Amino acid sequence: MNREFLGELISEALAVFIIIAFGDSVAAMYLLYDPSPYLHAYWGVCIVWGLGVTVAIYATGSVSGTHANPAVTLALATYRAFPWKKVVPYWVAQIVGGFLGAALVYALYYPVINHFNDLHQMTRTGGGGMGVFFTAPAPGITIWHAFSDEIILTAILVFGIFAITEQYNEMAPGANFGALIIGFLVAAIGASMGYLEAWAINPARDLGPRMFAYIAGWHASALPAAGHYWWVPVAGPLIGGLLGATAYEYLIYPFLPAQLRAQKALQSKIVEETIIIGK
Numbered sequence: 144m145n146r147e148f149l150g151e152l153i154s155e156a157l158a159v160f161i162i163i164a165f166g167d168s169v170a171a172m173y174l175l176y177d178p179s180p181y182l183h184a185y186w187g188v189c190i191v192w193g194l195g196v197t198v199a200i201y202a203t204g205s206v207s208g209t210h211a212n213p214a215v216t217l218a219l220a221t222y223r224a225f226p227w228k229k230v231v232p233y234w235v236a237q238i239v240g241g242f243l244g245a246a247l248v249y250a251l252y253y254p255v256i257n258h259f260n261d262l263h264q265m266t267r268t269g270g271g272g273m274g275v276f277f278t279a280p281a282p283g284i285t286i287w288h289a290f291s292d293e294i295i296l297t298a299i300l301v302f303g304i305f306a307i308t309e310q311y312n313e314m315a316p317g318a319n320f321g322a323l324i325i326g327f328l329v330a331a332i333g334a335s336m337g338y339l340e341a342w343a344i345n346p347a348r349d350l351g352p353r354m355f356a357y358i359a360g361w362h363a364s365a366l367p368a369a370g371h372y373w374w375v376p377v378a379g380p381l382i383g384g385l386l387g388a389t390a391y392e393y394l395i396y397p398f399l400p401a402q403l404r405a406q407k408a409l410q411s412k413i414v415e416e417t418i419i420i421g422k
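Position 209 of the sequence shown, counting from 1, maps to 352 under the working numbering, and the rest follow consecutively.
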């Protein structure tokens, strides 16, 4: 493994670590305290998750591009020429980052988790405090409905990321402002649809902390989880990311004026070079 590729993997792990450090910490404050400081300010939870994404992008974007999400990596490999040989290593690095981020949050909050479980006569194996680390469907949401939700929500996320980062999109934010807008996009998804099943929209965001929680005492509540739910926030986002990227590629990208101008200019250049060679 060369130094450059190693740096990319470290960058991806660090990006997810940052996201989880902020996101799972705010989840702990939302869930474990009574009264919760976010009881009537759920938007604050969403903003913290979004700003975690923003900070991760600003910190690591120059090294790896900050995919920080296996669904994004898969979409970029499919439509943006990201090397397929890097996909699985990126996924592994992202999951490791999620695991380590959860370990940090646990180190900070384990006394509060224990107090919460004692107060409510709950146990880790019974799921007490599990919402700090990983997602689960809300009451009334079936596993298959949650699966479809994760597909839709991640499709929205990746569609937005493609639009925000598209070089030919003349309405895309400039001057490195895109990281903030992507953070706001994550926050908006959480604020509008997050209560369905805690808007995983990222396999590494859920699976990495879920694996840590399994080791830290949640056991079957984490893996495989009630109803064997664990696969939903993994498979749903991977499918949804591809759908969102496909929608952008076929419904928006072909009609971008700057892209059309660039295509025409390239065609004209090819014609001119052909004429010159012919002479």
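Built from N, CA and C at the ideal position, the CB exists for glycine as well. Small disclaimer: the values here were computed from a predicted structure and weren't measured.
- Within the same chain, show all residues whose beta-carbon is closer than 8 Å to that of Leu174, passing over the 5 residues directly before and after it, in chain order. Phe259, Gly272, Gly274, Val275
- Task: Flag this pair as yes or no: are the beta carbons of Leu381 and Pro352 separated by less than 8 Å?
- Result: no
- Task: Give the DSSP-derived three-state secondary structure of Pro114 in the structure shown.
- Result: Not covered by the structure: residue 114. The range shown for the chain is 144 to 422.
- Task: Could you check how far apart the C-beta atoms of Trp192 and Phe225 are, in whole angstroms? I think they sit under 8 Å.
- Result: Not confirmed; about 25 Å, so no contact.
- Is DSSP giving Pro180 helix, strand or coil here? coil
- Query: So the alpha helix (DSSP H) Phe290 belongs to, where does it begin and stop?
  - Reply: 286 to 308
- Message: Could you check whether the segment 356 to 363 touches the segment 321 to 338, counting it as contact only if at least three pairs of C-beta atoms, one from each stretch, sit closer than 8 Å?
- Response: no
- Message: Could you check whether Glu155 and Tyr253 sit closer than 8 Å to each other, using their CB atoms as the reference points?
- Response: no
- Task: Tell me, please, whether the CB atom of Leu175 is closer than 8 Å to any CB atom in chain D?
- Result: The structure shown contains no chain D; it is built from a single protein chain.
- Close beta carbons around Tyr338, own chain, < 7 Å, minus the five adjacent residues each side: Ala281
- Identity of the residue in Ala220, Ala184, Ile307 nearest Gly333 by Cα: Ala184
- Return the chain-ordered ranges of every alpha helix (DSSP H) run that is complete within the segment 338 to 413 and spans a minimum of 4 residues. 346 to 356, 375 to 394
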